[in-house]
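> One structure coming up, written as structure tokens, with questions to follow.
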Amino acid sequence: MKNICLVTTSLGMGGAEKQVCDLADSFYKEGHKVIILCLNNSVINSPVNDDINIHVLDLKKNIVSFCRCIFQARKILKEFKPQIVHSHMFHANIFSRILRLICPFPVLISTAHNTNEGGRLRMCLYRVTDFLTTFSTNVSNEAVESFINKGAVKKGRMVAFYNGIDTNLFKYSLESRINKRRELKLKEEDVLMLAVGRLTEAKNYKNMLNALQRVIDVKVVHLAIIGTGPDEQQLLSYAEQIGVSQYIHWLGIRFDVKEWMSAMDLYVMSSSWEGMPLVICEAMSCEGLVVATDCGGVKEIVGNTGFIVPTNNPDALSETILSALELTKTKRKRLGITARERIETNYSLDTISNKWLEFYETANKK
Numbered sequence: 001m002k003n004i005c006l007v008t009t010s011l012g013m014g015g016a017e018k019q020v021c022d023l024a025d026s027f028y029k030e031g032h033k034v035i036i037l038c039l040n041n042s043v044i045n046s047p048v049n050d051d052i053n054i055h056v057l058d059l060k061k062n063i064v065s066f067c068r069c070i071f072q073a074r075k076i077l078k079e080f081k082p083q084i085v086h087s088h089m090f091h092a093n094i095f096s097r098i099l100r101l102i103c104p105f106p107v108l109i110s111t112a113h114n115t116n117e118g119g120r121l122r123m124c125l126y127r128v129t130d131f132l133t134t135f136s137t138n139v140s141n142e143a144v145e146s147f148i149n150k151g152a153v154k155k156g157r158m159v160a161f162y163n164g165i166d167t168n169l170f171k172y173s174l175e176s177r178i179n180k181r182r183e184l185k186l187k188e189e190d191v192l193m194l195a196v197g198r199l200t201e202a203k204n205y206k207n208m209l210n211a212l213q214r215v216i217d218v219k220v221v222h223l224a225i226i227g228t229g230p231d232e233q234q235l236l237s238y239a240e241q242i243g244v245s246q247y248i249h250w251l252g253i254r255f256d257v258k259e260w261m262s263a264m265d266l267y268v269m270s271s272s273w274e275g276m277p278l279v280i281c282e283a284m285s286c287e288g289l290v291v292a293t294d295c296g297g298v299k300e301i302v303g304n305t306g307f308i309v310p311t312n313n314p315d316a317l318s319e320t321i322l323s324a325l326e327l328t329k330t331k332r333k334r335l336g337i338t339a340r341e342r343i344e345t346n347y348s349l350d351t352i353s354n355k356w357l358e359f360y361e362t363a364n365k366k
């Protein structure tokens, strides 16, 4: 049994935050003691198991708050005595490295969750603090190469480690399909596309709206979007401006994403950059057909079970959406089953959490 401390920048609605909670539950299930340190006070996601304590540090953007949180974290770790500290995302990674200077612990794993975690300053901070971490990981091979090319880490100091999802939770349900489509007053023959993710620059929803405009010139479809974010008002106005508002269902923050995965006919992702989008895995686990832009680890996940298009190209995105919708139901179903099998084999939470535990064991022996 190990004492494992997971450190995260936040516990908001993102895929990285969800992964931290899922790993915590999985490690606990295997008999390990687990705590979570959360730098900010945004706690929307949390582990299922109530025995996993979440320590909210409430870090603010000033040196006094930073010092307070460092000493607060040191006190927590001195009491918990972790064999492994595993940090996730930029702020938590840098925080944990600095923490190690005044509170030595055996192993620190630093995990980035994107090809793009900021500009030159952040990459420089990763580079100059690299000696403080035992090892670094990122969520796809492309993301690892991106960090090496930007000088954030030397070759051989970072490896790809995929995220995992609970395939027992994310599976197709006819009941969910009927209920969720009824919420939108859609008939079974109506086409429903789904997109899930924060409304931010990285997700490039403007690209999706432009593609939707082209699609509805040929075929009437509906688009459900789950998520909120800083670009929300801008996107609402843009959808109105280009005449696609009536085809879009803005669903905001939802905690029933897995049910919407069954309701959709096609999952669409229009991002400009990503790490390893868990939501693609979730869609595939629910036997969904995916059309996604070629960024981050998307191509690695999808394989030959869906469609990959260039980033920032609404023409290519719309043409591929139409091609996907032209497939027969039998062909779509077959691709969906193959997609789920791919996720079960390579990206299930059990598989990934066991790989992490093996990795921890190896790191502990160094």
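So in full-length UniProt numbering, spot 68 of the sequence shown is number 68, and the numbers just go up one at a time. Note that CB positions come from ideal geometry on N, CA and C, so glycine has one too.
Classify residue 59: buried if its beta carbon has 16 or more other beta carbons within 10 angstroms, exposed otherwise.
Buried, since its Cβ has 16 or more Cβ neighbours within 10 Å.
> When you compare the stretch 99 to 108 with the stretch 78 to 88, are there three or more beta-carbon pairs, one atom per stretch, that lie closer than 8 Å?
Result yes; three or more Cβ-Cβ pairs closer than 8 Å.
> Going residue by residue through the stretch 3 to 43, where are the continuous beta strand (DSSP E) segments of at least 3 residues, counting only ones entirely within it?
The stretch 3 to 43 contains these whole beta strand (DSSP E) runs: 3 to 8 and 33 to 38.
> So which of 254, 279, 131 and 125 has the shortest CA-CA distance to residue 298?
Per the Cα distances, 279.
> At 4 residues or longer, and completely inside the stretch 311 to 339: list those alpha helix (DSSP H) runs for me, N to C.
Fully enclosed alpha helix (DSSP H) runs of 4 or longer: 314 to 326.
> Given this structure, state the Cα-to-Cα distance separating residue 8 from residue 311, to the nearest angstrom.
Computed Cα separation, rounded: 29 Å.
> Rank 56, 2 and 10 by C-alpha distance to the C-alpha of residue 34 and give the top, closest one.
The option with the nearest alpha carbon to residue 34 is 2.
> Taking the alpha carbon of residue 245 as the reference point, which residue from 264, 220 and 256 has its own alpha carbon closest?
The candidate whose alpha carbon is nearest that of residue 245 is 220.
> Should the stretch 274 to 294 be called in touch with the stretch 165 to 178, which here means at least 3 C-beta pairs below 8 Å?
Yes, they touch.
> Which whole runs of the beta strand (DSSP E) in the stretch 81 to 167 are 3 residues long or more, in chain order?
Runs found: 84 to 88, 107 to 111, 135 to 138 and 158 to 160.
> For the stretch 354 to 366 against the stretch 300 to 319, are there 3 or more C-beta pairs whose distance is under 8 Å?
No, the stretch 354 to 366 is not in contact with the stretch 300 to 319.
> Please give me, in chain order, every unbroken run of the beta strand (DSSP E) with length at least 3 that falls completely inside the stretch 48 to 84.
As far as the stretch 48 to 84 is concerned, its whole beta strand (DSSP E) runs of at least 3 residues are 53 to 56.
> Roughly how many whole angstroms lie between the Cα atoms of residue 157 and residue 91?
So the alpha carbons of these two residues sit roughly 19 Å apart.
> I need the straight-line Cα distance from residue 288 to residue 173, nearest angstrom please.
C-alpha separation (whole angstroms): 11 Å.
> Is the separation between the beta-carbon of residue 346 and that of residue 293 shorter than 9 Å?
No, these two residues do not count as a Cβ contact at 9 Å.
> Can you check which of these residues, 339, 186, 188 and 226, is closest to residue 200 by C-alpha distance?
Comparing Cα-Cα distances from residue 200 to each of 339, 186, 188 and 226, the minimum goes to 226.
> Could you check the C-alpha separation between residue 126 and residue 94 for me, to the nearest Å?
Looking at the two C-alpha atoms, the distance is approximately 7 Å.
> I'd like the ranges of any beta strand (DSSP E) spanning at least 3 consecutive residues and lying wholly in the stretch 245 to 301.
With a minimum length of 3 residues, the continuous beta strand (DSSP E) runs that stay inside the stretch 245 to 301 are 248 to 252, 266 to 269 and 290 to 293.
> Shortest alpha-carbon distance to residue 308 belongs to which of 296, 196, 318 and 291?
When each option's Cα is compared against that of residue 308, the closest is 291.
> Kindly provide the ranges of any alpha helix (DSSP H) runs that are 4 or more residues long and lie completely inside the stretch 180 to 242, ordered along the chain.
You should have 205 to 215 and 232 to 241.
> Hey, how far is the Cα of residue 248 from the Cα of residue 286?
Those two C-alpha atoms are separated by around 22 Å.
> If we count the other Cβ atoms within 10 Å of its Cβ and call it buried at 16 or more, is residue 425 buried or exposed?
Outside the shown range of the chain, which is 1 to 366, sits residue 425, and nothing can be said about it.
> Once the 5 residues before and after residue 340 are set aside, which same chain residues still bring their CB inside 7 Å of it?
284, 285 and 287.
> Is the beta carbon of residue 267 sitting closer than 9 Å to the one on residue 195?
Taking 9 Å as the Cβ cut-off, residue 267 and residue 195 qualify as a contacting pair.
> Cutting at 6 Å between CB atoms, please list the residues of its own chain near residue 146, excluding the five before and the five after it.
Hits under 6 Å: 115.
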